[in-house]
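Note that our numbering has the sequence shown beginning at 174, numbered continuously upward. Here a beta-carbon is modelled for each residue, glycine too, at the ideal position from N, C-alpha and C.
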Amino acid sequence: QTDDTTWVFHIRDGVTFQDGTPVDAAACKASLERAMQVQERAVTAAKIDTIEADGQNLTIKTTEPFGAFLANLSEPLYSIIKVGDDQDYANKPIGTGPFMVTDFTVNEKIDEVKYDGYWNGASDIDSITITCIEDDSTRGLALQSGEQDIVQRVASTDIDTFANDSDYQALNTTGARIRLLLLNQSNEALKDANVRKALADCIDYDSLVSILGSGVTVAGAPYPASAPYGYDDLDRQTYKPDEAKSLLEQAGYKDSDGDGIVDKDGKNLSLKITYSMGDYTTMLEAVQSMAKEAGIDIQLNLSDDTTESEKNKDYDILCTNWQCLSTGDPQWFLDQLYKTDGPDNSMNYSNTDLDQIISKLSNTFDTDGRQKLTIDAEKILLQDTASIWLVGEKNYVVANSKVQNITPYPIDYYFIDNKMSID
């Protein structure tokens, strides 16, 4: 970094694309510029202004000082691929990694073969087929049947079964993916901070972990306990059933007709949770039961796809999951989901103090300063009950005993590399 907005990269010598073409600064420039042409998020995520190439030196200027620049540049959308009129980006992108795509079917599978010219050493594995299996339990069954050698994310309740069987290996690390409830503040009831807080207080987070098994951990805050953002010192969301009932009373709700559901102005407090992942049903049924104890009626709506609901802000509560540290830096999560004009802020949530902290993060480059600002942001989100952070997911990779040298990482995008092998 030569000044607040200028970054100079020396591209590693001897790296080639998977067709043998050398990777130089010009190739990286073309790849980054293409990403910004085809994906709007690539324009805003790194705030790139200009890119210049000179041999192996790549100079990037940002539109403003941006402390998250280096981290955000590691986001998968900036992966370096070969650019050209003859390239089939959608089906057979040519990258720089140890495996190259030979066939791709959307939402079904990716066939890959090893690239012998990989700069860090060719893999011992000749080919890999990555299969898309949406249901966690079904993935586990595919491993047991021998259909798959390695799977990522099996049902939490199945993890102990694999861990206690010598034919399998269940590897895990503390993950950075969190399951949360997005609270749409265009909903009349959820506009009231007391109602949002009551909903958070009526959930027994420890019980959720007991129900779901060893694949999850208690959350109650935007970032996991393993991240350096003050988890233990925060006023986290915890189970406070008496306070939940008190907050509902303060919001003007009481059970006037004795049906077990609180009401206001003749209308029951009834909210719908929309979700698309079937394996979340057990967790949400528990939330539904806990909310009923406080007098809140929760209806569950399992949808094939929640994209349109989120895009149109057409939901009461949306249950989803986020990789809250997808770039290894906390700002991405805040920028995307909680900033007033964040591209994924479908909750109609806005707090000018939070927006100012996010702006300060952009201008802060030292690690300690960024950590402090992130903690300040968390305190605001918790005070506002901007969301309800239910559980964190451990990143589990489960494989048969033949697969060797597997390394799970906190960010679950990566685990296939040139070091893996099969006995």
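- Query: Is DSSP giving residue 178 helix, strand or coil here?
  - Reply: Residue 178 falls in the coil class under three-state DSSP.
- Taking only beta-carbon positions, decide if residue 567 is within less than 9 Å of chain B. Protein chain content of the structure displayed is limited to a single chain, and chain B is not contained in it.
- Query: Per DSSP, what kind of secondary structure is residue 456 in: helix, strand or coil?
  - Reply: Judged by DSSP in its simplified three-state form, residue 456 adopts helix.
- Message: To the nearest angstrom, how far is the alpha carbon of residue 177 from that of residue 543?
- Response: The alpha-carbon atoms of residue 177 and residue 543 are separated by roughly 15 Å.
- Task: With a threshold of 16 other CB atoms inside 10 Å of the CB of residue 431, please say whether the residue is buried or exposed.
- Result: exposed
- Task: Keeping to the same chain, check which residues put their C-beta closer than 6 Å to that of residue 410; ignore five residues upstream and five downstream.
- Result: 373 and 393
- Could you name each continuous beta strand (DSSP E) segment of 3 residues or more that falls completely within the region 289 to 368, going from the start of the chain to the end? 300 to 304, 323 to 325 and 341 to 356
- Buried or exposed (CB count within 10 angstroms, at least 16 for buried), residue 484: Residue 484 is exposed by the Cβ-count criterion.
- Item | Contact under 9 Å by Cβ, residue 280 with residue 305 | yes
- Item | Collapsed DSSP secondary structure at residue 231 in the structure displayed | Residue state, collapsed to three classes: strand.
- Query: What do you reckon, are the CB atoms on residue 563 and residue 435 nearer than 9 Å?
  - Reply: no
- Message: Taking the alpha-carbon of residue 316 as reference, which of 579, 290 and 340 has the nearest alpha-carbon?
- Response: 340
- Query: Looking at the structure shown, is residue 190 part of a helix, part of a strand, or coil, going by DSSP?
  - Reply: coil
- Query: If you draw a straight line from the alpha carbon of residue 230 to that of residue 310, how long is it in whole angstroms?
  - Reply: 47 Å
- Item | Three-state secondary structure assigned by DSSP to residue 255 | coil
- Candidates 590, 531, 387 and 248: which alpha carbon is nearest residue 209's? 248
- Return yes when the Cβ of residue 495 is within less than 9 Å of the Cβ of residue 599, no when it is not. An answer regarding residue 599 cannot be provided, because it is not within the stretch 174 to 596 covered by the chain.
- CB-CB under 6 Å to residue 578, same chain, minus the five flanking residues each way: which ones, in chain order? Around residue 578: 592, 593 and 594.
- Query: Nearest-angstrom Cα distance between residue 251 and residue 517?
  - Reply: Distance between residue 251 and residue 517, taken at the CA atoms: about 19 Å.
- Message: I believe residue 582 touches residue 346 by the beta-carbon criterion, under 8 Å. Please report the beta-carbon distance rounded to the nearest angstrom.
- Response: 6 Å
- Query: Looking at the structure shown, is residue 273 part of a helix, part of a strand, or coil, going by DSSP?
  - Reply: strand
- Message: Tell me the DSSP secondary structure of residue 549 in three-state form.
- Response: Three-state DSSP puts residue 549 in a helix.
- Item | Residues near residue 384 by beta carbon distance below 8 Å, same chain, minus five either side | 455, 456 and 459
- Thinking C-alpha only, which one of 240, 551 and 569 is nearest residue 403? 551
- Item | Inter-stretch contact (C-beta, 8 Å, three-pair minimum) for the region 560 to 575 and the region 386 to 400 | yes
- Message: Taking contact to mean 3 or more Cβ pairs, one atom from each stretch, closer than 8 Å, check whether the region 264 to 273 and the region 183 to 203 are in contact.
- Response: yes
- Are residue 303 and residue 589 close, meaning C-beta to C-beta below 9 Å? Cβ distance < 9 Å, so residue 303 and residue 589 count as in contact.
- The beta strand (DSSP E) with residue 282 in it runs from where to where? 282 to 287
- Query: Going straight from the alpha carbon of residue 419 to that of residue 480, what length do you get?
  - Reply: Roughly 35 Å between the two C-alpha positions.
- Within 10 angstroms of the Cβ of residue 227, are there 16 or more other Cβ atoms? Answer buried if so, exposed if not. exposed
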